[in-house]
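Peer 1:
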Amino acid sequence: MPTRALHYDALKRKYNEVDPYKKPKELLEVSPKGLVPGLRLNRYNPPRSLNESTVILDFLEDLAASTTRRSILPPISNPYARALVRLQADHVNRSLVPAFYRYLQAQEENKQIETGKEFHASLEGLVSLLERAEREVVGPGGASGEGEAKSLSKGLGLWVPGETELGWADVMAGPWLYRAKVVLTHYRGFQLPEGEMFNGWLARLFEHPKFKATCSTEQLYLDSYERFPQ
1 MPTRALHYDA LKRKYNEVDP YKKPKELLEV SPKGLVPGLR LNRYNPPRSL
51 NESTVILDFL EDLAASTTRR SILPPISNPY ARALVRLQAD HVNRSLVPAF
101 YRYLQAQEEN KQIETGKEFH ASLEGLVSLL ERAEREVVGP GGASGEGEAK
151 SLSKGLGLWV PGETELGWAD VMAGPWLYRA KVVLTHYRGF QLPEGEMFNG
201 WLARLFEHPK FKATCSTEQL YLDSYERFPQ
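Heads up: the sequence shown begins at 1 in full-length UniProt numbering, then just goes up one per residue.
#1: I need the straight-line Cα distance from D223 to N78, nearest angstrom please.
#2: Could you give the first and the last residue of the continuous alpha helix (DSSP H) run that contains N199?
#3: Whole angstroms is fine: what's the gap from R13's alpha carbon to E26's?
#4: At the level of alpha carbons, what is the spacing between V127 and A169?
#5: Taking 7 angstroms as the limit between beta carbons, can you name the residues of its chain near P2, skipping five residues before and five after?
#6: Which residue from G155, L184, P193, W201 puts its Cα closest to that of G174?
#7: Start and end of the beta strand (DSSP E) containing L39?
#8: Contact check, L96 vs S122 under 8 angstroms by CB: the rounded distance?
#9: Does the pairing of the segment 191-208 with the segment 158-168 give three or more beta-carbon distances under 8 angstroms?
#10: Specify the secondary structure class of S77 as computed by DSSP and reduced to three states.
#11: Ends of the beta strand (DSSP E) at L166?
#12: How is N45 classed by DSSP in three states: helix, strand or coil?
#13: Please give me, in chain order, every unbroken run of the beta strand (DSSP E) with length at least 3 that falls completely inside the segment 79-154.
#14: What does a CB cutoff of less than 7 angstroms around L73 pick up in its chain, not counting 5 residues either side in sequence?
#15: Near K181, which residues of its chain fall below 7 angstroms by C-beta distance, leaving aside the five closest residues on each side in sequence?
#16: Residue 257 by DSSP, collapsed to three states: which one?
#17: Could you have a look at V171 and say whether DSSP puts it in helix, strand or coil?
#18: Helix, strand or coil: how does DSSP classify E226 here?
#19: According to the Cβ coordinates, are Y80 and R188 closer than 8 angstroms?
#20: How long is the line joining the alpha carbons of S153 and E118, rounded to whole angstroms?
#21: Where does T214 land, buried or exposed, given buried means 16+ other C-beta within 10 angstroms?
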């Protein structure tokens with residue numbers, strides 16, 4: 001996830017892909033629990049590190065504000081819009097990701113049906129939050145004018161038709177939606193929900209050059225998650 005933010009913000013970086021299940025030394029140095037992602041900051045002597053996706057994203061957003069001046073959040077002049085986007089990210093962390101793993105790890109058929117419904121409900125919850133942000137930020141009664149609406153819609157990301165730049169929710173949810181498309185479809189026969197807005201969003205997201213540039217191969221995802229559904 002933060003890799004996409006680095007790519008978007010044009011910050012200097014070097015991307016290293018590791019197998020977190022093997023707990024390589026270089027990963028443990030930046031993420032003591034062996035979880036990805038981790039960020040190594042070589043600007044310090046000795047180098048420092050950060051871990052946890054949301055923490056890293058917040059750091060990169062702050063860093064970009066004083067360097068590249070680019071942001072994947074709505075303008076700071078509209079704190080309510082920024083808060084709505086953070087609610088989307090919170091939903092991804094607290095609901096979507098746990099539901100993904102519960103579904104993938106479920107063994108009994110009835111448990112797979114139950115957790116599949118739970119994951120589907122979490123996706124619907126995310127869509128509801130995306131719709132709310134679009135409605136309240138750039139809809140009637142939201143932005144004060146066409147110029148502000150255009151500026152704010154950029155921070156809402158690819159969910160808004162016509163937008164071409166990644167937003168905070170794209171970076172947070174995108175990797176898990178792609179995993180669902182690849183991993184859950186293969187191991188659980190899961191099908192992503194249908195809907196004009198949702199399908200359009202996924203198409204724009206999955207085909208976005210910066211998203212595609214930071215995705216692994218489908219086979220690597222399948223190999224990485226092979227142990228879970230067994």
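Idealized CB from N, CA, C, for every residue including glycine.
Peer 2: Well, looking at it:
#1: 43 angstroms
#2: 196-206
#3: 16 angstroms
#4: 11 angstroms
#5: Because P2 carries a pLDDT of 48, less than 50, the predicted location of this residue cannot be relied on, and the following value inherits that uncertainty. P37, L39, S53, I56, L57, L60, listed in sequence order.
#6: W201
#7: 38-41
#8: 5 angstroms
#9: yes
#10: coil
#11: Segment: none, L166 is in no beta strand (DSSP E) and carries neither H nor E.
#12: coil
#13: none
#14: E61, R82, V85, G155, W168
#15: L192
#16: Here the chain comprises residues numbered 1 to 230, so residue 257 is not present and cannot be evaluated.
#17: helix
#18: coil
#19: no
#20: 30 angstroms
#21: buried
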